[in-house]
Structure formats: structure tokens, C-alpha cells
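Participant: Sequential numbering from 553 applies to the first sequence in our numbering. Using N, Cα and C, we set each Cβ at its ideal position, and we do this for glycine too. Given the structure is predicted, the values throughout are model-derived calculations rather than measurements.
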Amino acid sequence: MKRTHHCNELRPIHIGQTVSLSGWVHSRRDLGGVIFIDVRDREGRTQAVFDPSDLPADVFDRAAALRSESVIRVGGAVRQRPEGTVNPKIPTGEVEVLVKDLEVLNLADPLPFQIDDPESAAKVNEELRLKYRYLDLRRGDMARNLRLRHAVATATRAYFDEHGFLEIETPMLFKSTPEGAREFLVPCRTNPGLFYALPQSPQQFKQILMVAGIERYFQLAKCFRDEDLRADRQPEFTQIDIEMSFIDREDIYATIEGLLSRIWRRALNRDLATPFRRLPFREALDRFGSDKPDLRFGLELEDFTEAFRASEFKVFSGAVKAGGVVKAINAKGLAGVTQGQMEAMTQIAKDGGAKGLAFIKVENGEWKAPMVKFFTDAEKTLLRQKLAIEEGDLILFAAGEWLMACEILGRIRLYAATVLEAQGKLSIPSDRFEFLWVVDFPLLSFDKDQNRWYSSHHPFTAPVAEDIPFLTTDPRKVRGQHYDVVVNGVELGGGSIRIHQPAVQKVVFEDVLQIPPEIAQARFGYMLEAFRYGAPPHGGIALGFDRLIAMLCGTPSIRDVIAFPKTAKGTCLMTDSPGTADLKQLRDLYLELKIPSKQ
RNA sequence: GGGGGCGUAGCUCAAUUGGUUAGAGCGCUGCCCUGUCACGGCAGAGGUUACGGGUUCGAGCCCCGCCGCUCCCGCCA
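Next up, the structure:
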């Protein structure tokens, strides 16, 4: 017999009906004379009552022998719970099913970890959760995450459908494009010695789709990157990938703001303020020390380059003379910093390339720092004014090359914020979402080691039109038509208007990036050729779908929103992948292993 | 590649900082219990302290190595 209702369906209006429920034994309460079993399915749970007074003994005995997570079907009559036994914690708590028949569909072994109590289950070692992922996913928290993921994917498809986008799949078996992230290679049996590569993004295909006249493309695209993992990085992940023709940056902003508004309404029942604010890359670094700033709190960086140009304090004036900057941040109220915290911040500075971290503690009306004696009254006054220095503050400095100094203080800003928040001196509300567009990125960055320019984003990004003349004369000045969408310090996505003239693309490949013509031809020749046959102006963006869902679910790890994620070493603890290949498989692929032995 | 954290019963944790027989709650097993919903009560089983070395009269604790998980840096056009 099939079930007649799901386990979150029965209400007082069903009283008197004969019903059948299927699901898992969520919990069993055996009182000796009467047994209660909560039957759970993905919708919820319902209490089933086994009363021996009008039940065959064998049914009662089988109920008594059931263990947690066994799969059963029960049949019986819905009835009102007796006075005083209503359970207000669950939606079906007013009724119960008086069991007449029990079908044990599958007995479960004792579980490796308990899943009925959300609080204790949430504390279970992730290693164990990953090994028994199918149990982990039965937990309410995880099931909710997967449902939300589905809801957002559906809302995304509906939104793009309504806006004239076509969902088009692009190949998983592509070829290697060595610029950018390390790729997963797939040997090609039918072409000995040749390899596919799994796409790190559908970038080139979606641009070709524009040449193909699709005009509006989207895909929930699986992407692969063979780089080290993080809480927010998996070797395979999903992007909301879009590309549009005959548009400019503003069209992308509006499209994504519309999408995110739709998603926030669907997932959190909240409205987003649009349009999002725009922040030039330069200003983001200057004020927040990051190109993905968290705008939920202040602690902004201040610039003191001019103030210390002629300072007695040589660390500062020397940095300025060398073309660098002096920047500072006021960690408000952090003068009581512990030695360990100070060391942690110093380490951040050193990791960032600084020699150390200059600081001033403001305690007992005094500025405590060795360097203070070098400061003139004018310098002190300026510091006090711009940083609003008060008793109990901690001032931290970075001096040196602009980007380095900004990024160091940006990281210290985040560190100080977490410390201050833990002390209750700063509030960073997790239910607030500060969206912004970071714009006006430099098109190119310079690699000192290799003495050449490389694309800040990717080589298909269009320069801002008025900057094109500087491509070959002063590449540093060229801004890219690139944009990142950022929320609460998380880079949610990025994209650009693309180069659609083959001539400009050729200049970027060959003259700016110094890719030899034959290599550019081998890697991107088909694109350059495609662009010769009528390429519309186009641009697009990709959003990290897993990060988006993690944010909506309020979890810091995208593993919590992926059904079967990998560990930090890239393994799957449930299936024990990756695994070995036998000799015949390798021979078929013309491969031979040479694994260095560990010394 | 580098740095930090963790690993004790099936699970979550403790073990007075190197000292007798490694404990608790939950789970499990048995018994009792007719209105529970984290049911309750009684009793019981359950340990290569991840693994391999070392120091020591004595190691869960200290040292070295190794494995696994995790966080961060590098990396992620």
C-alpha cells in the first residue's frame, strides 16, 4: 500500500480518516504499555501511536524492535491528541495516527552518529558527516540547504527565461588553456597523446554563442579548477553564467541586480536596495584595503603619505621617497590588544611583504609607541584629526608600495573587526547585506618576476574605450570594462564587456600580453576567426552559485550547500575517490606513471 | 609548497598538566514502565587514547615521524 499523505500534512481536519504514512523512524518512545514513533519524511514528521489494547501482539512487538532510521509504513486512523498532549513544536502536533498496521520496509543498523537531535548532530565531526553523507543530508539543516539551493536555481531559471535568455549547455570536455587556473586533464583515448581539459569556466563558448547570434545566454555551469581548496573553494563548483549581446556595463548591472533581488525575495523574503553602489577599484583599496570590501562596518583606512613625506621617522619618509605611501587604520577601542593578537597582526603585515607593523596604543592619555618621539606636533594633530583618535584606540600603520600597504591594512581591518566584534565593541550584523559593484579595475597587472604584463581578469576583457590608445604606450593607465559584484566581503561574481574586434584582441594577445602569434593562434585562433565573421558587442558575468547559496543559508562553508563535496585534499570520503587506475586502463590511454618516492 | 588547530568508547566531550584499574552524557544491549515527544528508571557491554618510533621508573599528556580532518598564506587568467 502506498502512502496517502506525507508526514507534514495531517491536521485536525483529517481526524477520522484512515491514512498511510511512509518514512523513517525519527524517534521511538517506548513507555512499555504504549509506543510512540515519530515517522519522518522529507516534509516533516508525524506521531504514530501503538496501543497494545487493540493491536495484534506481533505488530506491537515489531514496533518495539524498531531502531532509529529504520524505514516503515504505518496505516491507521488520524485522531485528535488527548487533552494536554499536543506538541506545539511540530506542525502536525495536534494529531496522531493510531496505528492499525505496520510494514517494516527496512531495518536500520545502529547509526554512526545521531541525526535526530539538531544541536548534537551539528557538532559531529565533518569527516564523519562526509563519510556518511546520506545520513548527514537527512538532517533538517542540510535538507533545508539543498531545498533552498533548488529554489534559488529554479528562481534563477525563471528569471532568465522571463528576460529572454536561453539556457545552453557547453562542453565539459574542452581543451587546455594554460593561462589562469590549473586545469584537470582528461586523456583522449582516440587521439593518443592528446588531452581534453575540464573547463575552468565556459568563457570561450559563451562568447562564441554571442557570435552565433544567441544574444542572451545563461547556464548553471559546472566549472573545474585544480587549485588548493578553501572553505569557499571546491575543485568542481557551479556558476550562474550569463552573456549578452548589444549591451553595456549598465545592462549587466541591472540584470544582476534584478536577479539577486528576485533570489533574496524568494529565499529570505527580503527586498534589496537597488541599484547597488559603485566603488572604483582604486577607492576600494584606498578606503578598505580590499577589492571586495565588507561595508557592514567602518574602520576605514586613512592616507598620511603627504603628512610623513618629510618626517623624522625614516621608516615612513623613506617609504614615501621610494614612491610608496603611508596609511593607517584606527582599530577603535583595541588598545587592550593581547600580545598574541598583536603578533597575529604583525604576521599579517609580514606575510603581506612589510618588515613589521608600526602601531600606537592610546592608553591613560598617552600615545604608547617608540616612534612617537619622532612625530612633530603637526603630525600628531593630523593623525588625531583624520583618525578621530581617542582614549583606548589602537592605531596601525603600513608604509610602502601602495597596493601592498592597502592590502595589509585591509587584512588587519578584517582581523581587528573580528576581535572587536568578539569583545562586543563592534557589530557586524549577519542579516545585513551590503552589495556593491567594484568597477574600474586596471586591465593589466605587471609581473615583476617575468617582466611582463598579464590580464587582471582575462584577456578577453575590453579596455575602457578612451584608454585604448594607452594599451601599447602606458598599459598601467588602461582601465578594463570589468566589474565584480561583492557582498559583505565576499566576491560573489565578476565579469566584463568583451573585446569584439579581432584587431583589438590581437593587439592584447600579441603586443600587450606578449603571447607569441603562433601560440595565440593555436589557443585562441578559432575565436579570432569567429570574430572576423560578425561578432556583436557583448559582455557577461558569472556568479559563484555555491557561495551565493552559502550566504543565503548563513554558513561559511560551501561544503554545506553541496550535496557531495570534496575534502580539503580533494578526496570524497564517501566514495573514496579519487581511486587508482589499473594497468590496462593506463595502456588504453597511452599513459605511464612516474611517481617520485617520498624522501 | 608554507603556517596554525584538531584526532581519547559508535557520537560529543573530560581526564587535577607525566602517576593506581582512562571517566561522563547520548547511543547500544537487557529488564521495568499506558501519554511520551531530547520520555523516564535500573543494570550492563563497549577503549591498540589515529598510527609508528623515542624519552622516562612510569606517556592520553613530552619529543620525532606519519596519516586523516580543518582554517589560513601562496595559488584561484
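1) Apart from the five residues just before and just after Met694, which ones in its own chain have a Cβ nearer than 8 Å to its Cβ?
2) As a quick exercise: from Phe926, Val586 and Gln755, pick the residue whose alpha carbon is nearest that of Ser728.
3) For Arg685, report the span of its alpha helix (DSSP H) as first-last.
4) Thinking C-beta only, is Phe1116 closer than 8 Å to Met1126?
5) Going by beta carbon distance, what residues of the same chain come within less than 7 Å of Lys683, once the five residues before and after it are set aside?
6) Helix, strand or coil for Asp846? Go by DSSP, reduced to three states.
7) So, are the CB atoms of Ile960 and Ala921 less than 8 Å apart?
8) Cα-Cα, which of Phe828, His702, Phe717 and Asp590 is closest to Leu618?
9) Measure from the alpha carbon of Glu1144 to the alpha carbon of each residue in Asn882, Gly745, Ala871 and Gln752, then state which is nearest.
10) For Ser1129 and Thr1123, what's the separation of their Cα atoms in angstroms?
11) Below 8 Å between beta carbons: does that hold for Gly1045 and Ile799?
12) In the DSSP output, what is Trp989 paired with across the bridge?
13) What's the gap between the Cα of Ser574 and the Cα of Val656?
14) Hey, how far is the Cα of Ala887 from the Cα of Val924?
15) By DSSP's criteria, Gly952 is part of a beta bridge. Which residues make up the other side?
16) Taking just the CA atoms, how far does Ala957 sit from Leu847?
17) Between the Cα of Gly716 and those of Phe770, Leu663, Asp669 and Gln666, spot the shortest distance and give me the residue it belongs to.
18) Let me check understanding here. Comparing Cα to Cα, which of Phe849, Arg814, Lys879 and Thr1107 lies closest to Arg861?
19) Tell me whether the beta-carbon of Ser863 lies closer than 8 Å to the beta-carbon of Glu973.
20) To which residues does DSSP link Cys775 through a beta bridge?
21) Please give me, in chain order, every unbroken run of the beta strand (DSSP E) with length at least 3 that falls completely inside the stretch 554 to 636.
22) Is Ser982 near Ala783, with beta carbons less than 8 Å apart?
23) Work out the CA separation of Asp1019 and Val1059 for me, nearest whole Å.
24) Is it right to say Asn1174 is buried, meaning 16 or more other beta carbons lie within 10 angstroms of its own, or is it exposed?
25) Ignore the nearest five residues each way along the sequence and tell me which others in Leu650's own chain have a CB closer than 6 Å to its CB.
26) Would Val763 be called buried (16 or more neighbouring beta carbons within 10 Å of its own) or exposed?
27) Could you give the distance in angstroms between the alpha-carbon of Gly976 and the alpha-carbon of Thr898?
28) Measuring alpha carbon to alpha carbon, tell me which of Arg563, Gln666, Phe588 and Gln759 ends up nearest Thr1013.
29) Return the first residue and the last residue of the alpha helix (DSSP H) that Arg1099 is part of.
30) By the three-class DSSP mapping on this structure, what secondary structure does Lys907 have?
31) Give the DSSP-derived three-state secondary structure of Ile667 in the structure shown.
32) Give the range of the alpha helix (DSSP H) segment to which Val1056 is assigned.
33) Would you mind giving the Cβ-Cβ distance between Pro670 and Gly636, rounded to the nearest angstrom? I have them listed as a contact below 8 Å.
34) Would you mind reading off the limits of the alpha helix (DSSP H) that contains Tyr805?
35) Using the rule of at least 16 other Cβ atoms within 10 Å of the residue's Cβ for burial, across every protein chain shown, is Glu721 buried or exposed?
36) Identify whether Tyr748 lies in helix, strand or coil by the three-state DSSP scheme.
Facilitator: Let me lay it out:
1) Asp688 and Asp1112
2) It is Gln755.
3) Boundaries of the alpha helix (DSSP H) harbouring Arg685: Arg685 to Asp688, taken from the DSSP string.
4) Less than 8 Å divides the Cβ of Met1126 from the Cβ of Phe1116.
5) If we look at Lys683 and ignore the five residues flanking it on each side, its Cβ neighbours are Leu1125 and Met1126.
6) coil
7) no
8) Asp590
9) Gly745
10) Near 6 Å, if we compare the C-alpha coordinates of Thr1123 and Ser1129.
11) no
12) Arg830 and Val1037
13) 10 Å
14) 16 Å
15) Beta-bridge pairing links Gly952 to Val877.
16) 19 Å
17) Nearest C-alpha to Gly716: Phe770.
18) The closest CA to that of Arg861, considering only Phe849, Arg814, Lys879 and Thr1107, is found on Lys879.
19) no
20) Paired residue(s): Phe789.
21) 570 to 582, 587 to 593, 596 to 602 and 623 to 632
22) no
23) 14 Å
24) Past the edges of the chain, shown from 553 to 1151, lies residue 1174, and the structure says nothing about it.
25) Val601, Gly628, Ala629 and Arg631
26) buried
27) 23 Å
28) Gln759
29) Its alpha helix (DSSP H) spans residues Phe1097 to Cys1105.
30) Residue state, collapsed to three classes: coil.
31) coil
32) Pro1054 to Lys1058
33) That belief does not hold up - the Cβ atoms of Pro670 and Gly636 are roughly 26 Å apart, past 8 Å.
34) Arg801 to Leu820
35) exposed
36) strand
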